[in-house]
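Engineer: Before we start, here is the structure in question, set down as structure tokens.
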Amino acid sequence: MLKAVFIYNFAKFTRWPDHVLSDRDYPLTICTAGSDEMLDALARLAGRQVQGRQVVLQPIDHGENSPPCHLLYIATSERNSFPETIAQVNGDPVLTISELPGFARGGGVIELYREQGRIRFLVNLRVARERGLEISSRLLNLAEIVNGEGGQ
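Counting in this note's numbering, the sequence shown tops out at residue 1443, every number present.
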């Protein structure tokens, strides 16, 4: 699925704070909340390499202490609870991604959407920076920025 390729590339073009990935053997953990068709595609990323690290998938449940995540995909089934899911990782250097409308403006980092048959994405630059994430300018040049420097 093409959207999973986008998520893979988001991971490739994001830099986490040095202390988060200080051990070179530590995997890059993609956590998932909820369910939708994207989960099967994301499962195919398990075992691949991103920034020299093996990708591991980890589902999370509401109310649980979330495991250490580097990236958190929030499925469309979480439409009514995504703010609580984001709150579970609030303050942590976690790249949050979803296809839910309003996700980026609602505190998520990257929102995927379709426009005229093409996949597009919004980036909430303010939230990314608050989490200590650096998103490559190559990626930002392709994004629509919300809540960033321009205050959109």
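We put the beta carbon where it would ideally sit given N, CA and C, even for glycine.
Just so it is clear, the structure is predicted and the values come from calculations on it, not from any experiment.
Of the residues 1379, 1318 and 1433, which one's Cα is nearest the Cα of residue 1351?
Structural biologist: One-based indexing of the sequence shown puts residue 1351 at position 60. Ranking 1379, 1318 and 1433 by Cα distance to residue 1351 puts 1379 first.
Engineer: Should residue 1308 be labelled buried (16 or more other beta-carbon atoms within 10 Å of its own) or exposed?
Structural biologist: Position 17 of the sequence shown, counted from the start, is the residue given in the question as residue 1308. Under this definition residue 1308 is an exposed residue.
Engineer: Quick check on DSSP: helix, strand or coil for residue 1440?
Structural biologist: Counting from 1 along the sequence shown, the entry for residue 1440 is found at position 149. Low local confidence applies: a pLDDT of 47 at residue 1440 is under 50, so the model's placement there is unreliable, with the coordinate-based value given in what follows. Reduced to three states, the DSSP call for residue 1440 is coil.
Engineer: Cβ of residue 1389 within 9 Å of Cβ of residue 1304?
Structural biologist: The residue you call residue 1389 lines up with position 98 of the sequence shown. The residue you call residue 1304 lines up with position 13 of the sequence shown. Taking 9 Å as the Cβ cut-off, residue 1389 and residue 1304 do not qualify as a contacting pair.
Engineer: What are the start and end residues of the alpha helix (DSSP H) that includes residue 1304?
Structural biologist: Here residue 1304 is taken as the residue at index 13 of the sequence shown, counted from 1. Residue 1304 -> no alpha helix (DSSP H), and no H or E assigned at all.
Engineer: Say whether the region 1399-1407 touches the region 1330-1349, bearing in mind that this needs 3 or more beta-carbon pairs closer than 8 Å, one atom from each stretch.
Structural biologist: In short, these stretches do not touch, since the Cβ pair count stays below three.
Engineer: Which ranges does the beta strand (DSSP E) cover as unbroken runs of at least 3 residues, wholly within the region 1365-1422, from first to last along the chain?
Structural biologist: Those beta strand (DSSP E) runs which fall completely within the region 1365-1422 and span 3+ residues are 1386-1389, 1401-1406 and 1409-1415.
Engineer: For residue 1349, which residues from the same chain have a beta carbon less than 8 Å from its beta carbon, with the 5 sequence-adjacent residues on both sides left out?
Structural biologist: In the sequence shown, residue 1349 corresponds to position 58, counting from 1. Closer than 8 Å at Cβ, skipping near neighbours: 1320, 1321, 1322, 1323, 1358 and 1360.
Engineer: Could you say which of 1328, 1438, 1385 and 1364 lies nearest to residue 1417 if we only look at CA atoms?
Structural biologist: Working through the sequence shown from its first residue, we reach residue 1417 at position 126. Checked all of 1328, 1438, 1385 and 1364; the closest Cα to residue 1417 is 1438.
Engineer: So, at 8 Å on beta carbons, what are the nonlocal neighbours of residue 1345 in its own chain, with the 5 sequence-adjacent residues on each side left out?
Structural biologist: What you label residue 1345 is simply residue 54 of the sequence shown in a count that begins at 1. 1318, 1319, 1338 and 1339, listed in sequence order.
Engineer: Are the C-beta atoms of residue 1382 and some chain B residue less than 9 Å apart?
Structural biologist: Among the chains in the structure shown there is no chain B, since it carries only a single protein chain.
Engineer: Cutting at 8 Å between CB atoms, please list the residues of its own chain near residue 1333, excluding the five before and the five after it.
Structural biologist: Walking along the sequence shown from the start, residue 1333 turns up at place 42. Closer than 8 Å at the Cβ level, and outside the excluded window around residue 1333, lie 1295, 1298, 1321, 1323, 1348 and 1364.
Engineer: Could you round the C-beta distance between residue 1326 and residue 1372 to whole angstroms and report it? I think they count as a contact, below 8 Å.
Structural biologist: Reading the sequence shown from its first residue, position 35 is the one you call residue 1326. Reading the sequence shown from its first residue, position 81 is the one you call residue 1372. About 13 Å; that fails the 8 Å criterion.
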